[in-house]
Amino acid sequence: KAGVTQTPRYLIKTRGQQVTLSCSPISGHRSVSWYQQTPGQGLQFLFEYFSETQRNKGNFPGRFSGRQFSNSRSEMNVSTLELGDSALYLCASSLDNSYEQYFGPGTRLTVT
Amino acid sequence: AQTVTQSQPEMSVQEAETVTLSCTYDTSENNYYLFWYKQPPSRQMILVIRQEAYKQQNATENRFSVNFQKAAKSFSLKISDSQLGDTAMYFCAFMNWGSSNTGKLIFGQGTTLQVKP
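Same order as they appear, the protein sequences are chains A and B. To convert a position in the first sequence, counted from 1, into my numbering, add 650. At position 54 of the second sequence the residue is numbered 51 (my numbering), and the sequence of numbers has no breaks.
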């Protein structure tokens, strides 16, 4: 099976812009979780989607949002970008009611 | 608050030797899962080993094994016969069981392991 894929791999945006990142889970996986990784804060949970519904949410401002489509692909959106949003954004997929998460290669977002 | 602590920011080991990475965690829940993930320079996060809290037997995956001490809330990773390809950052993580915790891994700050030839 193909692994989790994320697009784009690298992105450079300007403060104030918005960005959309995409994640395609492993075939058959219906749960997708998103994480932000920064040198200062480490790995932090953003949100989790299952069957097109957000089931869990981390402690991030409303500028961070996501959605999931019927084919389980997920997108996350960050509006009004700030310099502090520069990070590696990782998504992970898992089977229904499974606790094992498999990660994608990440999207490196740089905000200038 | 649920937290994971990795007290060793950096470690090094000679090729073929054994190294142990430490992890402690704090949770008031009784049912949870523990993991070690590896993140090499490529940044691809790879699941190394997992442990269910209700299982007393320590998990083992080839050269990787854990020492799970539930009462002490300790979950260390032992890497035997270290190889150059083990060079990476290692993250300890846990996930509480239950609908309100679904899909949420809580990570430690990571330990950078360098395997020297």
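Virtual Cβ for every residue (Gly too), placed ideally from N, Cα, C. On a predicted model such as this, the values are computed, not experimentally measured, just so you know.
Contact belief for residue i with residue j at Cβ below 8 Å, rounded distance in angstroms
i: T15 of chain B; j: I76 of chain B; result: 7 Å
i: F697 of chain A; j: N706 of chain A; result: 6 Å
i: K35 of chain B; j: Y87 of chain B; result: 6 Å
i: E12 of chain B; j: K101 of chain B; result: That belief does not hold up - the Cβ atoms of E12 of chain B and K101 of chain B are roughly 36 Å apart, past 8 Å.
i: L740 of chain A; j: M92 of chain B; result: With a Cβ gap of about 15 Å, L740 of chain A and M92 of chain B do not count as contacting.
i: Q668 of chain A; j: T762 of chain A; result: About 15 Å; that fails the 8 Å criterion.
i: T655 of chain A; j: G754 of chain A; result: 6 Å
Under the three-state DSSP convention, the category residue i falls into
i: G756 of chain A; result: coil
i: G692 of chain A; result: strand
i: G716 of chain A; result: strand
i: L671 of chain A; result: strand
i: N59 of chain B; result: coil
i: S677 of chain A; result: coil
i: L733 of chain A; result: helix
i: D23 of chain B; result: strand
i: S743 of chain A; result: strand
i: L102 of chain B; result: coil
i: S73 of chain B; result: strand
i: S97 of chain B; result: helix
Under 7 Å by beta carbon: chain A residues contacting residue i
i: M42 of chain B; result: L740, F753
i: Q5 of chain B; result: Going along chain A, no residue has its Cβ under 7 Å from Q5 of chain B, so there is no contact; the nearest lies around 15 Å.
Cβ pair residue i, residue j closer than 8 Å
i: A90 of chain B; j: I103 of chain B; result: yes
i: R47 of chain B; j: F32 of chain B; result: yes
i: S681 of chain A; j: F695 of chain A; result: no
i: E49 of chain B; j: Y30 of chain B; result: yes
i: S722 of chain A; j: P675 of chain A; result: yes
i: T757 of chain A; j: S736 of chain A; result: no
i: G692 of chain A; j: G107 of chain B; result: yes
i: Q18 of chain B; j: S73 of chain B; result: The amino acid occupying residue 18 of chain B in the given sequence is Leu; Gln does not appear at that position. Yes, they are a contact pair.
i: P6 of chain B; j: T109 of chain B; result: yes
i: Q111 of chain B; j: S9 of chain B; result: yes
i: S677 of chain A; j: K651 of chain A; result: yes
i: T2 of chain B; j: G82 of chain B; result: no
i: Q(-1) of chain B; j: D23 of chain B; result: yes
Chain B contact residues for residue i, given Cβ-Cβ distances below 7 Å
i: E750 of chain A; result: L44, R47
i: G756 of chain A; result: R40
Beta-carbon neighbours of residue i, restricted to chain B and to distances below 8 Å
i: N706 of chain A; result: S97, N98, T99, G100, K101
i: G690 of chain A; result: Going along chain B, no residue has its Cβ under 8 Å from G690 of chain A, so there is no contact; the nearest lies around 10 Å.
Chain-ordered neighbours of residue i on chain A, where CB pairs are closer than 9 Å
i: Y30 of chain B; result: Y749, E750
i: M92 of chain B; result: Y749, Q751
Neighbourhood of residue i by C-beta distance below 8 Å, restricted to the same chain and skipping five residues each side
i: G716 of chain A; result: W684, L696, F697, Y699, Q704, S724, E725, M726, N727
i: N27 of chain B; result: A50
i: E750 of chain A; result: S744
Under 9 Å by beta carbon: chain B residues contacting residue i
i: E698 of chain A; result: T99, G100, K101
i: F695 of chain A; result: G100, K101, L102, I103, F104
Within chain A, the residues that residue i reaches when beta carbons sit closer than 8 Å
i: Q106 of chain B; result: G692
i: M86 of chain B; result: None at all; the shortest Cβ gap to chain A is about 10 Å.
Contact set for residue i: own chain, Cβ-Cβ below 7 Å, skip 5 residues either direction
i: L44 of chain B; result: F32, Y34
i: K67 of chain B; result: A50
i: Q687 of chain A; result: L693, A737, L738, L740
i: Q718 of chain A; result: V682, Y699, E702, S724
i: R713 of chain A; result: V728, S729, T730
i: T657 of chain A; result: S672
Minimum Cβ-Cβ distance from residue i to chain D less than 8 Å
i: S683 of chain A; result: This model lacks chain D altogether, as its protein chains are A and B.
Contact set for residue i: own chain, Cβ-Cβ below 6 Å, skip 5 residues either direction
i: A56 of chain B; result: I46, Q48, V63
i: Y660 of chain A; result: R758
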